[in-house]
Amino acid sequence: MKVALVLDDSIDRTDGVQQYVLTLGAFLSRAGHEVHYLSSSAERTDVTVHSLARNVGVTFNGNGLRIPLPASRAGIRAVLERERYDVIHVQTPHSPLFAARVVDEARRLFGDDVRIVGTFHILPDSKVSSWGTHALGRVLRRNLRLFDAFVAVSEPAAAFARSAFGIDARVVPCPVDVSGFAAAAAGTARVPGEDGRLVVAFLGRLVERKGVIELVRALGQLPDDVQDRIEVRLGGRGPLQGELEAAIEANGLERVTLAGFVAEEDKAAFYADADVAVFPATGGESFGIVLVEAMASLAGRGAGVVLAGANPGYLSVIGDDPYVSVDARDAEAFADALEALLCDEELRAALHTEQAARVRRFDVETVGAQVLELYGS
418 MKVALVLDDS
428 IDRTDGVQQY
438 VLTLGAFLSR
448 AGHEVHYLSS
458 SAERTDVTVH
468 SLARNVGVTF
478 NGNGLRIPLP
488 ASRAGIRAVL
498 ERERYDVIHV
508 QTPHSPLFAA
518 RVVDEARRLF
528 GDDVRIVGTF
538 HILPDSKVSS
548 WGTHALGRVL
558 RRNLRLFDAF
568 VAVSEPAAAF
578 ARSAFGIDAR
588 VVPCPVDVSG
598 FAAAAAGTAR
608 VPGEDGRLVV
618 AFLGRLVERK
628 GVIELVRALG
638 QLPDDVQDRI
648 EVRLGGRGPL
658 QGELEAAIEA
668 NGLERVTLAG
678 FVAEEDKAAF
688 YADADVAVFP
698 ATGGESFGIV
708 LVEAMASLAG
718 RGAGVVLAGA
728 NPGYLSVIGD
738 DPYVSVDARD
748 AEAFADALEA
758 LLCDEELRAA
768 LHTEQAARVR
778 RFDVETVGAQ
788 VLELYGS
């Protein structure tokens, strides 16, 4: 098949939707399909990209996004007529100024000869973003009727898709190269904490909803003897950098490394160094790609456990075991959860075994086969 993966943002960025389409696209290419990416302005040349719109920066659902300005219908038609895709796979919610125009023009040109599908990615973090998505659903009502099928990346996202867009989407999770992360982690030498201390690690954008400040506050509430046993490594960058540094000082944490940006090829080693990898997002997560990457990397190492924020998207990945999820806004409960994992080696080992088995369901080979069913192959 010839497949167009459509997203309103630039393919150059490293956010979750881009990870989704690039991981899926690589799987489809390995399976013998021809994959193109239809996005707004982009510069990468390692994949086939058609840049069909320009972007403007906005903030939505706690994320810095770039949304497209109106795309030329003539330019879209020219690409569609030349490439003649079998499948057009749109990442939703989508813009009426770009991706919706791709759907309109494809259906007008090819009728039922093209299969148009969508993946619903969002779960809002606030009433404003929820209201905005519901309003967008009303704007897109006619366009949504042109799709053949929808999936959502989690049960909570599917429920919100019904509410906001009026669509029925079956759940197909985000694909992650689980085997690749595990192999990469197994092939690296772990960097243990100094003097045998346990490593607590975080990786994510330094923005409010990712919970890094809550993590620091919880670490500051640990008993002194537990604090003496740990080393903390915080990866990521963002607008909370100054506040994070102040929180570290205010909470008296002494052994903290601020790793800054961690490149894609270095993620597996970063995760695998952790005894407890913590991702305490407080909301706004439709899935948890970072949880899958960390569980896969720790599975490759053969030890370590992931602790996640108890938001609906993350719970769809991590499961309902109370030892591996916590409301990060409750500093006392958060500290208790960390202490339980740090002080009980047998508990960490048991949870590691469960997570190493759980993570396989998100491997791209498994998820990719479900996406091919969506395509009707």
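Just so we're on the same page, the numbering used here is the position in the sequence shown counted from 1, plus 417. The C-beta atom is built at its ideal place from N, Cα and C for all residues, glycine as well. For clarity, every value in this text was computed on a predicted model and none was experimentally measured.
Inset, instruction - Sort out for me which residues DSSP pairs VAL556 with in a bridge. - result: DSSP lists no partner for VAL556.
Inset, instruction - Indicate whether the contact test is met: 3 or more Cβ pairs, each with one atom in the stretch 466–474 and one in the stretch 522–535, closer than 8 Å. - result: no
Inset, instruction - Taking all protein chains shown into account, decide if ASN478 is buried (16 or more other Cβ within 10 angstroms of its Cβ) or exposed. - result: In this prediction, ASN478 scores a pLDDT of 48, lower than 50, which makes its location untrustworthy; the coordinate-derived value is nonetheless stated afterwards. Classification for ASN478: buried.
Inset, instruction - State whether the stretch 623–640 contacts the stretch 696–712, with contact taken as three or more CB pairs (one from each stretch) at a distance under 8 Å. - result: yes
Legend entry - Close-in-space but distant-in-sequence residues of the same chain around LEU497 (CB under 7 Å, 5 per side omitted): GLU522, ALA523, LEU526
Legend entry - Within 8 Å, strictly: CB atoms of PHE779 and VAL519: no
Legend entry - Extent of the continuous beta strand (DSSP E) run through LYS419: 419–423
Inset, instruction - Using three-state DSSP, classify GLU648 as helix, strand or coil. - result: strand
Inset, instruction - Check whether the Cβ atoms of VAL570 and THR605 lie closer than 8 Å to each other. - result: no
Inset, instruction - For ALA664, collect the residues of the same chain with a Cβ closer than 6 Å to its Cβ; drop the 5 residues on either side in sequence, then sort them by chain order. - result: ILE630, VAL633
Inset, instruction - Rounded to whole angstroms, what's the CA-CA distance from SER543 to GLY652? Just pull it up for me. - result: In a straight line, the C-alpha of SER543 is about 26 Å away from that of GLY652.
Legend entry - alpha helix (DSSP H) segment containing ARG447, residue limits: 433–447
Legend entry - Beta-carbon proximity of ALA421 to HIS538, cut-off 8 Å: It is not a contact, given that the beta carbons lie outside the stated cut-off.
Inset, instruction - Ignore the nearest five residues each way along the sequence and tell me which others in GLU572's own chain have a CB closer than 7 Å to its CB. - result: VAL588, SER733
Inset, instruction - From the DSSP output, in three-state form, read off ALA698 for me. - result: coil
Legend entry - Where the beta strand (DSSP E) through GLN508 begins and ends: In this chain, the beta strand (DSSP E) harbouring GLN508 covers 504–509.
Inset, instruction - Taking 8 Å as the cut-off, decide whether the C-beta atoms of VAL693 and ARG650 are in contact. - result: no
Inset, instruction - Please report how far the alpha carbon of LEU791 lies from the alpha carbon of LEU675, in whole angstroms. - result: 42 Å
Legend entry - ARG765 burial status per 10 Å Cβ neighbour count (16 or more: buried): That one is buried.
Inset, instruction - Name the two residues that bound the continuous beta strand (DSSP E) containing ARG532. - result: Its beta strand (DSSP E) spans residues 532–537.
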